[in-house]
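Let me begin by presenting the structure, written as structure tokens, before commenting on it.
Residue numbers (the working numbering): 2 to 404.
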């Protein structure tokens with residue numbers, strides 16, 4: 002029996018692919034050598050089944066940094082020491098109400114710049130810069146506040162809230178660019194070192210961009226609604242428009258990125274992969290994948306002249322190397338899933354929630370830890386009190402005391 006999962010981003014060290022499933026608080030390692038899938042562990046003090054805990058992942062000095070979307074802290078995994086840790090960004094766990102979009106989609110894009118972890122907010126209100134050497138953290142909300150005030154009337158998000166940055170790209174050692182999710186043909190250049198930003202206009206006024214890329218001084222923007230690719234420069238107002246060769250009606254793009262001298266468009270709606278030659282200005286479908294009508298998530302990992310994508314419906318990574326594509330099935334088997342559910346079971350019991358999803362199995366090791374938990378006996382005694390006919394009296398006393 003296999004368990005489905007999705008992946009937002011991943012990191013490859015050359016021999017392995019490291020990723021967190023969107024559906025579970027679980028770090029996985031997929032071996033590129035023997036194709037095995039290993040459950041590495043779970044991030045401490047985060048919900049086991051919270052949707053999209055983390056988005057982007059960055060690597061620095063043997064450590065993986067997982068960027069919080071619905072999680073309340075940065076997740077860290079040391080690949081050498083094989084240990085988990087967390088970095089607080091000024092949010093308490095109790096404060097982290099993910100029913101509010103600002104907490105559910107805090108950060109998406111992040112970069113390692115000058116030994117600093119830089120996180121650009123999606124719906125949260127602060128840019129975070131964490132020094133990986135000194136462990137000092139700086140936050141700033143000036144850019145978020147300025148752009149939110151300016152573009153609130155033109156937002157395009159389904160939730161009706163301002164998204165600062167979903168998709169950013171690094172352009173030099175100090176700066177990144179990102180498109181604004183609004184009905185405004187704008188993108189922003191942000192200099193991290195100086196904490197300054199500059200707006201640029203690209204294409205026609207009615208254009209609204211979803212993805213952005215940068216290659217050899219050129220900026221590429223994609224309008225998903227109009228299925229248009231816009232090419233421009235930050236040195237002039239000139240621009241060019243290209244129509245994607247869509248053959249099956251609307252095409253939902255899950256990511257656009259540069260690999261080699263080409264732009265790649267990943268489809269989330271079964272159109273597979275479209276490749277655009279930046280040199281020749283021509284489109285083509287990736288023939289090896291077209292017949293499979295694959296849908297892709299946003300994963301695009303580039304390492305050692307190798308490209309790795311993820312096809313969630315097939316539960317498989319798709320690897321491109323030496324002009325060849327190969328599939329790496331990535332099914333979570335029952336043994337691994339039981340280990341994940343063991344963690345969730347123990348967490349819920351220790352939190353006093355007393356709720357276990359039907360069908361959730363618990364291994365004997367975690368079961369013994371549960372029944373030995375010091376708070377369990379008192380809670381069970383409390384339950385017995387309720388079952389002996391005292392619940393009505395407690396409700397009555399509560400109402401009297403409240404009034």
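From the three backbone atoms N, C-alpha and C, an ideal C-beta is built for every residue, glycine too.
DSSP state of residue i mapped onto helix, strand, coil
{"i": "residue 283", "result": "strand"}
{"i": "residue 33", "result": "coil"}
{"i": "residue 294", "result": "coil"}
{"i": "residue 122", "result": "strand"}
{"i": "residue 39", "result": "strand"}
{"i": "residue 103", "result": "helix"}
{"i": "residue 220", "result": "strand"}
{"i": "residue 341", "result": "helix"}
{"i": "residue 332", "result": "coil"}
{"i": "residue 214", "result": "strand"}
Beta-carbon proximity list for residue i, same chain, < 7 Å, skipping 5 on both sides
{"i": "residue 303", "result": "260"}
{"i": "residue 280", "result": "262"}
{"i": "residue 5", "result": "316"}
{"i": "residue 305", "result": "15"}
{"i": "residue 426", "result": "Given that the chain is displayed from residue 2 to residue 404, the structure contains no residue 426 and the question cannot be resolved."}
{"i": "residue 258", "result": "214, 265 and 301"}
Proximity below 8 Å, CB of residue i to CB of residue j
{"i": "residue 194", "j": "residue 175", "result": "yes"}
{"i": "residue 331", "j": "residue 31", "result": "yes"}
{"i": "residue 119", "j": "residue 130", "result": "yes"}
{"i": "residue 230", "j": "residue 277", "result": "yes"}
{"i": "residue 169", "j": "residue 186", "result": "no"}
{"i": "residue 141", "j": "residue 211", "result": "no"}
{"i": "residue 109", "j": "residue 167", "result": "yes"}
For residue i, the residue or residues it bridges with in DSSP
{"i": "residue 327", "result": "320"}
{"i": "residue 92", "result": "Looking at the DSSP assignment, residue 92 forms no beta bridge with any residue, so it has no partner."}
{"i": "residue 268", "result": "254"}
{"i": "residue 27", "result": "Answer is none; residue 27 lacks a bridge partner."}
{"i": "residue 187", "result": "202"}
{"i": "residue 304", "result": "307"}
{"i": "residue 22", "result": "8"}
Neighbourhood of residue i by C-beta distance below 6 Å, restricted to the same chain and skipping five residues each side
{"i": "residue 16", "result": "33 and 34"}
{"i": "residue 156", "result": "163 and 183"}
{"i": "residue 58", "result": "10, 12, 65 and 67"}
{"i": "residue 254", "result": "225 and 266"}
{"i": "residue 287", "result": "274 and 276"}
{"i": "residue 99", "result": "71 and 105"}
{"i": "residue 293", "result": "none"}
Own chain partners of residue i with C-beta closer than 8 Å, once the 5 adjacent residues on each side are dropped
{"i": "residue 295", "result": "268, 271, 273, 274, 312, 314, 315 and 319"}
With a floor of 4 residues, list each alpha helix (DSSP H) that falls wholly inside the segment 120-158, ordered by position along the chain.
-> Segments of the alpha helix (DSSP H) lying fully in the segment 120-158: 143-152.
Output the residue ranges of the beta strand (DSSP E) runs that lie fully inside the segment 52-84 and measure 3 residues or longer, sorted by chain position.
-> 55-61, 64-69 and 74-79
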